[in-house]
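Asks: For the sequence shown, this note's numbering gives the first residue as 7, with consecutive numbering after it.
Here a beta-carbon is modelled for each residue, glycine too, at the ideal position from N, C-alpha and C.
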Amino acid sequence: MKRTRVTTLIVLAVVGAAIGSLVELALVANGRPIVNLPITLAIALAVIGGIVVTMAVPIRRMTRATTAPRVDPFYATRILMLAKACALTGSLVAGVGIGVLAYLLTRSVIGVGSVTQAIAAILGAGVLLAGGLIAEHMCRVPPGDDENDPGKEPVKA
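1) By Cβ distance below 6 angstroms, which residues in the same chain neighbour ALA89 in space, the five residues on each side in sequence not counted?
2) Enumerate in chain order the residues of its own chain whose CB-to-CB distance from TYR109 is below 8 angstroms, with the five nearest sequence positions on each side excluded.
3) In angstroms, rounded to a whole number, what distance separates the CA positions of THR69 and VAL147?
4) Hey, which unbroken runs of the alpha helix (DSSP H) at 4 residues or more fall wholly within the stretch 70 to 116?
5) What span of residues does the alpha helix (DSSP H) with ILE40 cover, start to end?
6) Label LYS162 either buried or exposed according to how many other C-beta atoms from any shown protein chain fall within 10 Å of its C-beta, with 16 as the threshold for buried.
7) Measuring alpha carbon to alpha carbon, tell me which of ALA131, CYS145, MET144, ALA136 ends up nearest THR46.
8) Would you call ILE49 buried or exposed, if buried means 16 or more other Cβ atoms sit within 10 Å of its Cβ?
9) Could you give the C-beta distance for GLY101 and LEU18, rounded to a whole number, given that I count them as a contact under 8 angstroms?
10) Can you give the Cα-Cα distance for LEU94 and ARG84, rounded to whole angstroms?
11) Please check the pair GLY54 and ALA82, which I expect to be a contact at CB under 8 angstroms, by giving their CB distance rounded to whole angstroms.
12) Would you report the Cα separation of ALA62 and CYS145, rounded to the nearest angstrom?
13) Compare the C-alpha of LEU43 against each of LEU135, LEU107, VAL34, LEU33 and name the closest.
14) Between LEU15 and SER97, which are expected to be in contact by the criterion C-beta below 8 angstroms, what is the C-beta distance as a whole number of angstroms?
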């Protein structure tokens, strides 16, 4: 599996920002209240980012140690997919938070509570994004492991 690309994360953040600001604009145009991103969203995103990194630590230990037991490939694959999903989701949610914040800052009357909540959501999504990228890096196999495996036959070119 390839690592998550920075361009993918940037594109998701830009799409999220566009969605966030357009949804706010559409809600106001229809006379409805704007969406306030709750503080609990930021807390939940940050906690999930920490949990993903914690789940990747055993894989990191197993791949780096010489006497450690073999890595369960199914567990490692699940954690890697979860880490990638967290990185992509964190980028998208951070973009939505940026879009909401941009909308709020372009209004003549600014609700301080709404701005604080949007900033908290951006920070929580940033922690989720960073946790996903760190966990993805921790699940990487060292480059020389495939060549030293005695049970594997060499690939003929």
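Replies: Based on what the coordinates show:
1) Cβ contact annotation for ALA89 (same chain, cutoff 6 angstroms, sequence separation greater than five): VAL58, GLY138, ALA141, GLU142, in chain order.
2) Excluding five sequence positions before and after TYR109, the CB atoms of its chain that fall closer than 8 angstroms to its own CB belong to GLY26, SER27, GLU30, LEU31, ILE40, given in chain order.
3) So the two alpha carbons sit approximately 6 angstroms from each other.
4) Within the stretch 70 to 116, the runs of alpha helix (DSSP H) that reach at least 4 residues and sit entirely inside it are, in chain order, 79 to 111.
5) No alpha helix (DSSP H) contains ILE40, which DSSP labels as neither H nor E.
6) Bear in mind that the predicted position of LYS162 carries a pLDDT of just 48, short of 50, making it too unreliable to give a figure here.
7) Closest by alpha carbon: ALA131.
8) Exposed, since its Cβ has fewer than 16 Cβ neighbours within 10 Å.
9) Confirmed, about 6 angstroms.
10) It is roughly 15 angstroms from the alpha-carbon of LEU94 to the alpha-carbon of ARG84.
11) It should be noted that the sequence gives Ile, not Gly, for residue 54. Wrong, their Cβ atoms sit about 19 angstroms apart, outside the cutoff.
12) Rounded to whole angstroms, ALA62 to CYS145 spans 6 angstroms at the Cα level.
13) With distances taken between Cα atoms, LEU43 lies closest to LEU107.
14) The beta-carbon distance between LEU15 and SER97, rounded to whole angstroms, is 4 angstroms. This is short enough to meet the 8 angstroms contact definition.
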